[in-house]
Each structure stands twice: as structure tokens, then as C-alpha cells.
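Colleague: One structure coming up, written as C-alpha cells, with questions to follow.
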Amino acid sequence: MDIFFKDLYYSDIINNYIAFLFLMFDVPIFISLFFVKIYYGKFYNSDLEEVNWFQRLLRKYFPVISSKKAWIIQGSPGIFVTLFYIVYAFSHITLKKIIVIFPFFMHYIHRAFIFPFRIHSSENIPLEITIMTFISCFFNAIMINRSIFYFSNYDKEFWLFYIFGMISFGIGAYINIFSDYSMAKQRSENKHGLNGQYIIPKGFFFDYISCPNYFGEIIEWLSFIVISSSFGSLVFFVTNVSFLFPRSIQIHEWYKENFKNEFNNDKDLSERKAILPFLY
């Protein structure tokens with residue numbers, strides 16, 4: 003296996019364009035998210051009098067949908083695109099390629115068809131956010147599946163990288179999933195939180211960072227680079243980090259602003275980082 007990405011430059015124009023477009027937008031997205039909030043979750047405001055003109059314009063033409071529907075829609079391309087390529091690229095498929103795509107596929111099985119039904123959230127998500135996330139997931143899924151099924155060749159070194167990557171991916175998935183469910187459980191048990199639902203989640207990795215779910219997902223996609231040894235997975239990782247990293251900082255600052263007394267009076271909370279334990 004060429005861990006330095008043998009398919010660094012694809013002979014396939016589709017993947018070249020997709021990779022180029024994602025990388026072209028990653029930097030401005032990363033920078034802009036330090037100044038602009040994506041208005042869903044904690045940052046969503048249903049009171050049109052309190053939002054800017056652009057959000058009022060969007061609300062006029064785009065409705066909001068339940069978070070359950072949004073999660074199903076957003077995650078579905080990771081499933082259906084993968085199934086399509088398993089059939090469409092059947093002549094290129096090997097057992098190794100199937101087990102390489104497996105963790106990517108299962109991440110979205112959980113995200114689209116398990117996670118939305120395990121949490122009981124009253125949150126709404128703007129339709130335009132759901133559409134943009136769907137489009138991003140759709141093209142990422144195309145890029146990754148084409149990268150693996152058409153351009154990756156796995157030799158005798160494959161199992162070493164695969165086993166190491168899967169162990170690391172499993173750790174990241176556990177942190178991601180456990181953190182999501184722990185936060186949802188703590189919210190459901192506290193009806194007196196901010197806006198009727200928001201609290202400072204505690205326990206597990208929440209004792210060290212405000213967004214362990216994002217931290218776990220970053221570990222997952224970093225591990226997937228090792229598993230797949232493909233340029234597509236590297237682009238996918240960079241794209242995810244360009245969103246998750248600044249978003250986690252926004253959430254961390256939101257906690258500090260809305261729970262000032264708790265952060266001022268609790269030494270452990272005051273030392274909590276945003277996304278990287280003990281670092282940032």
C-alpha cells in the first residue's frame with residue numbers, strides 16, 4: 003500500500019473537479035466560521051425580530067424542519083451513493099475494497115437511520131442548511147467511493163494499516179457516539195436548562211472539552227485516511243476539519259457566554275478546552 007496516496011492525482015476528471023472544489027472552499031469556510039455562526043442548534047433563533055435581514059429572507063423562502071428529518075436527509079447520500087457504486091463498479095470490487103468502505107458506510111447508517119431515532123430533540127434545522135449538508139455529503143460520497151473502488155490498490159501491507167486504522171476509527175466512533183447520546187440524555191433529564199433544553203454536559207470527555215462528539219468524528223476521518231490510503235479520504239478529512247474545528251470554538255464560547263457563573267466558579271470548567279483535550 004502506498005500510504006502517500008498513489009492516486010494523489012486522479013486520471014478521473016470527476017474526482018479531480020470534486021476534490022478541487024472542496025479544497026478551494028475549505029479555507030474560506032474555515033476562516034469565515036471564526037466570524038459567522040451557522041444558525042442551527044444553539045445558534046438558531048426562531049424570533050425573526052432578533053435575526054439579521056439575511057436570515058429573515060431565508061426564513062421567508064425556506065422553512066425549518068425537525069432535526070430528525072434533517073439528520074435522515076443529510077446522512078442518506080453516504081448510504082445510497084455507496085450502495086450505487088457497489089453495484090455500478092462491481093467489476094472493480096474486491097473484498098479488501100468492501101471492508102475499506104465499510105466504516106464509512108456504517109458511520110452514515112448510524113447517522114441517518116439510528117441516531118435520529120435515539121435522541122428526542124425539539125430542535126428545528128433550517129431547510130437550506132439541510133440541503134447544503136446533503137449536497138456536501140453527496141459529492142463527498144462520490145469522491146470517496148470512486149477513489150476506493152476505481153483508483154486504490156491494496157497490497158501485502160494492507161492489513162497492517164487496516165487493523166491500526168480500524169482500531170483508531172472505532173475509538174473515534176465510540177467517543178463521537180457516546181458523547182452525542184450522553185449529551186442528549188443529560189438534556190432530557192434537565193427540563194430547566196437554557197431555552198428549556200441547553201445545559202453544560204458533563205462526564206466522559208466533556209470533562210476536558212466542550213465538543214467531544216466533534217473530536218471523536220475528527221479521529222474517525224483521520225483514521226479513515228489510514229484505512230483507505232486514498233486522496234479522497236484526505237480531502238474529506240480536511241473538509242470536515244474546516245467546519246468542525248471553528249464550529250467547536252463557537253460552541254465553546256457560547257457555553258462560556260451563556261453559563262458565565264458556572265465557568266467563573268468551577269475550576270474544572272474554566273480549564274475546559276473546545277475540541278482538543280488539554281490543548282485547544
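Take 3 as the starting number for the sequence shown in the working numbering and just add one per residue.
Every residue, glycine too, gets a C-beta built ideally from N, C-alpha and C.
Taking 8 Å as the cut-off, decide whether the C-beta atoms of Val83 and Ile144 are in contact.
Modeller: Taking 8 Å as the Cβ cut-off, Val83 and Ile144 qualify as a contacting pair.
Colleague: Beta-carbon separation of Phe239 and Pro105 under 8 Å?
Modeller: Going by C-beta atoms, Phe239 is not nearer than 8 Å to Pro105.
Colleague: If we count the other Cβ atoms within 10 Å of its Cβ and call it buried at 16 or more, is Phe92 buried or exposed?
Modeller: That one is exposed.
Colleague: Can you give the beta carbon distance from Asn242 to Ile221, rounded, assuming they're within the 8 Å contact cut?
Modeller: Wrong, their Cβ atoms sit about 11 Å apart, outside the cutoff.
Colleague: For Phe140, which residues of its own chain have a beta-carbon under 8 Å away from its beta-carbon, when the five flanking residues on both sides are left out?
Modeller: Around Phe140: Pro79 and Val83.
Colleague: Give the secondary structure of Pro128 by DSSP, where H, G and I count as helix, E and B as strand, and everything else as coil.
Modeller: The answer is strand: DSSP assigns Pro128 an E or B state.
Colleague: How long is the line joining the alpha carbons of Phe280 and Pro30, rounded to whole angstroms?
Modeller: Phe280 and Pro30: Cα-Cα distance of roughly 27 Å.
Colleague: Would you kindly check if the distance between the Cβ of Asn126 and the Cβ of Ile169 is under 8 Å?
Modeller: No, the pair does not count as a contact, with Cβ atoms beyond the cut-off.
Colleague: Might you give, ordered along the chain, the residues of its own chain that have their beta carbon closer than 7 Å to the beta carbon of Lys73, omitting 5 neighbours on each side?
Modeller: Residue identity check: residue 73 is Trp in the sequence provided, not Lys. Cβ neighbours of Trp73 beyond the five flanking positions: Arg113, Ala114, Phe117 and Pro118.
Colleague: Which of the three DSSP states, helix, strand or coil, is assigned to Lys231?
Modeller: The amino acid occupying residue 231 in the given sequence is Ser; Lys does not appear at that position. DSSP places Ser231 in coil when its eight states are reduced to three.
Colleague: At 4 residues or longer, and completely inside the stretch 208 to 253: list those alpha helix (DSSP H) runs for me, N to C.
Modeller: DSSP runs (the alpha helix (DSSP H)) wholly in the stretch 208 to 253: 214 to 230.
Colleague: Give every residue of the same chain whose Cβ lies closer than 7 Å to the Cβ of Tyr282, excluding the five residues on either side of it in the sequence, and list them in chain order.
Modeller: If we look at Tyr282 and ignore the five residues flanking it on each side, its Cβ neighbours are Lys275 and Ala276.
Colleague: Thinking C-beta only, is Pro214 closer than 8 Å to Phe36?
Modeller: Contact: no.
Colleague: Using only the alpha-carbon positions, how far apart do Glu273 and Asp209 sit?
Modeller: When rounded, the distance between both Cα atoms is 9 Å.
Colleague: Taking DSSP as the reference, what is the three-state secondary structure of Tyr41?
Modeller: In this structure, Tyr41 counts as coil in the three-state DSSP scheme.
Colleague: Look up Ile67 in the DSSP assignment and say whether it is helix, strand or coil.
Modeller: Strand at Ile67.
Colleague: Determine the contact status of Gly234 and Ser149, defining contact as a CB-CB distance below 8 Å.
Modeller: In contact: Gly234 and Ser149 (Cβ atoms closer than 8 Å).
Colleague: Tell me, to the nearest whole angstrom, how far the beta carbon of Phe166 is from that of Val228; I am working on the premise that it is less than 8 Å.
Modeller: At roughly 6 Å, the Cβ-Cβ gap stays under 8 Å, so Phe166 and Val228 are in contact.
Colleague: Using CA coordinates, which residue listed in Tyr110, Ile100, Leu278 and Ser212 is at the minimum distance from Phe261?
Modeller: The shortest Cα separation from Phe261 among Tyr110, Ile100, Leu278 and Ser212 belongs to Ser212.
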